[in-house]
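Asker:
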Amino acid sequence: MRVRVSLQKSHPMSCAPRHLFSWTGRTQHPPHRLVVRHFTNLSRPPLRSSRLRHGGHSFQQYRSFWVTRLVTRFLKLRYILLGSAVGGGYTAKKTYNEWKDLLPDFSEYTSIVPDFFWELSEHIDLEKIVSALPDAEELAKLLPDLEKIGENFTFLRTLISNGLYISCRQPPSAACLCHGIKYQRMLEHLEKENKELRKVVLQKDDKGIHQRKVKKSLIDMYSEVLDILSDYDSNYNTQDHLPRVVVVGDQSAGKTSVLEMIAQARIFPRGSGEMMTRSPVKVTLSEGPHHVATFKDSSREFDLSKEQDLAALRHEIELRMKKSVREGQTVSPEVRTDPVCVLTDCSSSSQTISLSVKGPGIQRMVLVDLPGVISTVTAGMAADTKETIFSISKAYMQNPNAIILCIQDGSVDAERSIVTDLVSQMDPQGKRTIFVLTKVDLAEKNLASPSRIQQIVEGKLFPMKALGYFAVVTGKGSSNENIDAIKDYEEEFFQKSSLLKYGMLKAHQVTTKNLSLAVSDCFWKMVRESVEQQADAFKASRFNLETEWKNNYPRLRELDRNELFEKAKNEILDEVISLSQVTPKHWESILQKKLWERVSTHVIENIYLPAAQTINSGTFNTTVDIKLKQWTDKQLPHKALEVAWETLQEEFARFMAEYKGKDQDDIFDKLKEAVKDESIKRHKWNERAMDSLRVIQHNALEDRSITDKPQWDSAIQFMEETLQSRLRDTDSVISDMVGPDWKQRWLNWTSRTPEQHIRNATRGELERLLRVNEEHAAYLANDEVTTVRKNLEAHGVDVDPVLIKDTWHQLYRRHFLHKALLHCTLCRRGFHYYQRHFDDSELECNDVVLFWRIQRMLAITANTLRQQLTNTEVRRLEKNVKEVLEDFAEDNGKKGQLITGRRVQLAEDLNGTCGMSQYV
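Residue numbers for the sequence shown follow full-length UniProt numbering, beginning at 1 and rising by one.
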């Protein structure tokens, strides 16, 4: 049974009675109610029925009994209010009893509840808490203006009633479209007012009544979960199973513009036909009192209502994209094969840009904008750009809970689409795909058959399937358009478009606003369905990690890479500080020993031996002074500084090795070695120290005055040890030249080579020559070489003159060293003659004086180098080590390369799961 209401305008004095029901047998239907519902979420308000007025009373009677009627109606209103109060109270009590009966009996669980729960009232002052709560007036300020909203709904009801009267005089199709447009405008008007009211409420809530702490919104917490899981161990793949909206499309299809319309701001850099999105960009959309944007790793807020901040935001995103792309690449690859790459720069997966956008009326969701799919690699692009983009898109779309927002350019031929085939491969059934056709205004203008657009949005043209199909307009193609202008243009286009007028497109399939609502609903539906399952998977993964750690590293703490680096840093600094605790005696001892090892060969071969071949002591001393002066000016200071620097390095390494022997962790070995090498590389010895050291060494070598007998004996001992060491080396060389003797041949079953036979025969001839003339010169004359060669030929040995001279050099050295050692024995009693300058004595010990000068120079040089080490170089090395450690601390790539192993990765995963526990 339907109510029929007359929509004809009657005369004011015409009060003819009308019945509530129509008996004509015809039912009048409301015109095209379904079409109206596509444009508004409000239900159609009921129409007002005509008031019944009974006739039979004259105007005089109506005027005479108005007092009686007024009293009657007043009494009737009192009874109605009284009855309503009684009935309402009974109904409320009945509802309360029914609701109370549905609650379970908690008396059985009182034993489970801890005792302190029942004692809370004794420790908590409820009156203070109640007094601290805001009063009713302050709470009322947070509520929206309900009277204003009521006026809006009254105004809407009036317009609807009046609109029905006007629409009945128009044709049905035009009337439906007229109603839809009117309702849509009224709905937008109400939504705009609601948006302003929500903004006021959010602003008040943001300030706080009593400066209370505002909790994070659900979408912000969910976004943080995705950020934490992005660094989670890829072996468990937990981060790939959480929902997110993946925006994919061909290059220049308008996917960035669609995302900007959803975010209600032009936040991305613009380009004319070139690739602008070069790395994945995660955008978290949420509602807030102000329209602002922030990066995950930055505290700066960009005010999206100001063009200056918008330009700065676009510039920052462009810089981050360029930074995330490695040299020689066009887009940032999203390949993660090595677990170390999670925290290092060996992959750009950690460089994914994370952006948060808040504002009034923004739908809550998490979107990921991917680089556009291309069909051809153009000049200036890397050769693998096409494959890299495909791999990035597949990596995101293969997540079974990801919502695929497939963007298709409506202004180009459908046959040129690449992304639709890719999406159909990843989601063949279309259970999580939303198709968006962009640039519909250009498509309607250019296409000869508009029905082709209808085939696309109905899913009949492309082989892919989708949950929903939408058609949007994202502007006129100008980068200077703002979002409000684009929205107005989009609304104006669809109001005039024949696609909507002739039913090719449905009202709920158009505009980016309807698209954002649909995507948000689908996103949260996917979150509700998958988050519990993923939480269980995450708990299982954490249990597996904890079990693995307990079994493999039961006595170690779960230190991640950064914590291990800090521990190693403290150990290295302790080792460097330990260098300052080395005693001066130890420094001088090792410096003197190493310096003599470095310069002993030059002293014996180039100074002592040539001087010893002279005729008298005066020539000996002159030769020694000249050669010492040349040596001091050119080589000795450089050799001394090299020895000091090497000694410092060896002591530093020795302290590291000794520290390692205590409780050192082997996991720090690579890091310590790298720090040591880099510190040494950066360290530069003070060049001014070389000049002062040269002067000190020159003065030490010029001094010839041995003051006491202990110094004389020390010089003789030093000379004997040096000569004996050289004699052992010379004997070893001769033994290698002539081969094993008869005893070694019989005991070790060895034999001489043909060359050794020749050298052995040559040695016999040369030794006879030395026995004949023990004062022979250091070099053989040519006639002596010829004599030796002929003697050997007479015995059937063919020998080369060069071999004879080479053998003679080693034999004469041994002969000379034996004589020098005998001379040392004689000079032990020569200190008395030295004090008398060897007057009236055949004993001359100038060689002992030479070795005393060398020994004194070594001691003074070691003392000077020790002072420079302890006062300057150790501190500079400590400073260099600190700088290197600070540089390494900021370089995640270095830490990832130097602190590696399953233990490190396992600790990283466990610490990452600790941050996730609050969300799970």
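Backbone N, C-alpha and C fix where the C-beta goes; we use that ideal spot for every residue, glycine too.
1. Evaluate R169 with the Cβ neighbour count: other Cβ atoms within 10 Å of its Cβ, from every protein chain shown; 16 or more gives buried, anything less gives exposed.
2. Please confirm whether T474 and K445 have their CB atoms less than 9 Å apart.
3. Got a sec? Which residues, its chain only, sit under 8 Å from E491 by beta carbon, not counting five neighbours each side?
4. List the endpoints of the continuous beta strand (DSSP E) containing Q408.
5. How about I706 and F831: do their beta carbons lie closer than 9 Å?
6. Can the beta-carbon of residue 921 be found closer than 9 Å to that of E575?
7. Please report the distance separating the alpha-carbon of N863 from that of D731.
8. Relative to the C-alpha of V248, which candidate in R270, S692, P280 has its C-alpha closest?
9. Can you tell me the Cα-Cα spacing of K569 and L869, whole angstroms?
10. In whole angstroms, what is the alpha-carbon distance linking R903 and R244?
11. Taking all protein chains shown into account, decide if D369 is buried (16 or more other Cβ within 10 angstroms of its Cβ) or exposed.
12. Please report the straight-line C-alpha distance between F302 and Q308, rounded to a whole angstrom.
13. Tell me L442's beta-bridge partners as DSSP assigns them.
14. Under 8 Å, with one C-beta from each stretch per pair, do the region 723-730 and the region 671-679 reach the 3-pair mark?
15. Identify whether Q905 lies in helix, strand or coil by the three-state DSSP scheme.
16. For the candidate residues L885, D736, Y779, whose alpha-carbon lies nearest to that of Q756?
17. Distance, Cα to Cα, S516 vs I262?
18. Helix, strand or coil: how does DSSP classify I456 here?
19. Taking just the CA atoms, how far does E775 sit from K805?
20. Among N399, H795, R876, L304, which has the Cα closest to the Cα of I680?
21. Do the region 821-830 and the region 711-723 meet, that is, are 3 or more Cβ pairs less than 8 Å apart?
22. Shortest alpha-carbon distance to R688 belongs to which of K94, L803, L865?
23. For the pair the region 285-304 and the region 502-509, tell me if three or more CB-CB distances fall below 8 Å.
24. Take L636 and list the residues in its own chain whose beta-carbon comes closer than 6 Å to its own, dropping the five residues that flank it on each side.
25. Where does F302 fall in DSSP's three states?
26. When we look at the beta-carbon of E571 and count the other beta-carbons within 10 Å, is it buried (16 or more) or exposed?
27. Label T337 either buried or exposed according to how many other C-beta atoms from any shown protein chain fall within 10 Å of its C-beta, with 16 as the threshold for buried.
28. In terms of alpha-carbon separation, which member of K431, I854, S478 lies closest to T722?
29. Can you tell which of T632, A777, Y812, R763 has the C-alpha that lies nearest to the C-alpha of V788?
30. By Cβ distance below 8 Å, which residues in the same chain neighbour residue 932 in space, the five residues on each side in sequence not counted?
31. Between N551 and E532, what straight-line distance do the alpha-carbon atoms span, to the nearest angstrom?
32. Considering only their Cβ atoms, is the gap separating L559 from K567 smaller than 9 Å?
33. Looking at the structure shown, is S541 part of a helix, part of a strand, or coil, going by DSSP?
34. Can you check DSSP and say which residues form a bridge with F470?
35. Could you tell me which residues DSSP puts in a beta bridge with M365?
36. Report the option in K627, T750, L817, T547 whose CA atom is closest to the CA atom of L910.
Answerer: Result, derived from the coordinates:
1. Any reading at R169 is ruled out, since the residue's pLDDT is 43, under 50, leaving its predicted position unreliable.
2. No, Cβ-Cβ distance for T474 and K445 is not below 9 Å.
3. Once the five neighbours on either side are set aside, the close Cβ partners of E491 are T511.
4. Start and end: 403-409.
5. Cβ distance < 9 Å, so I706 and F831 count as in contact.
6. Within the shown structure, residues of the chain are numbered from 1 to 920, placing residue 921 beyond reach of any answer.
7. Going from the Cα of N863 to the Cα of D731 covers about 35 Å.
8. Ranking the options by Cα distance to V248, first place goes to P280.
9. Cα to Cα, the separation comes out at about 23 Å.
10. The alpha-carbon atoms of R903 and R244 are separated by roughly 32 Å.
11. With 16 or more other Cβ atoms within 10 Å, it is buried.
12. Looking at the two C-alpha atoms, the distance is approximately 9 Å.
13. Paired residues: none, contrary to the question.
14. Three or more Cβ pairs closer than 8 Å define a contact, and the region 723-730 falls short of that threshold against the region 671-679.
15. Three-state result, Q905: helix.
16. With distances taken between Cα atoms, Q756 lies closest to D736.
17. CA-CA distance, S516 to I262, rounds to 6 Å.
18. Note: I456 maps to helix in three-state DSSP.
19. So the two alpha carbons sit approximately 18 Å from each other.
20. Measuring from the Cα of I680, the nearest candidate turns out to be R876.
21. Yes, the region 821-830 is in contact with the region 711-723.
22. Looking at the Cα atoms, L865 is the closest of the given residues.
23. In the pairwise beta carbon analysis, the region 285-304 is classified as not touching the region 502-509: fewer than three pairs are separated by under 8 Å.
24. So the qualifying residues of the chain are Q697.
25. Judged by DSSP in its simplified three-state form, F302 adopts strand.
26. Answer is buried; the Cβ neighbour count reaches 16.
27. Model confidence at T337 stands at a pLDDT of 35, short of 50, so the residue's coordinates are unreliable; what they give is reported in the following sentence. When all chains shown are included, T337 counts as exposed.
28. Comparing Cα positions, the closest option is I854.
29. Here the closest residue by C-alpha is R763.
30. Any property of residue 932 remains undetermined from this structure, which presents the chain solely from 1 to 920.
31. For N551 and E532, the distance between alpha carbons rounds to 29 Å.
32. Going by C-beta atoms, K567 is nearer than 9 Å to L559.
33. Helix, per DSSP.
34. Its beta-bridge partners are V436.
35. DSSP output for M365 lists L285 as bridge partner(s).
36. Nearest of K627, T750, L817, T547 to L910, Cα basis: T547.
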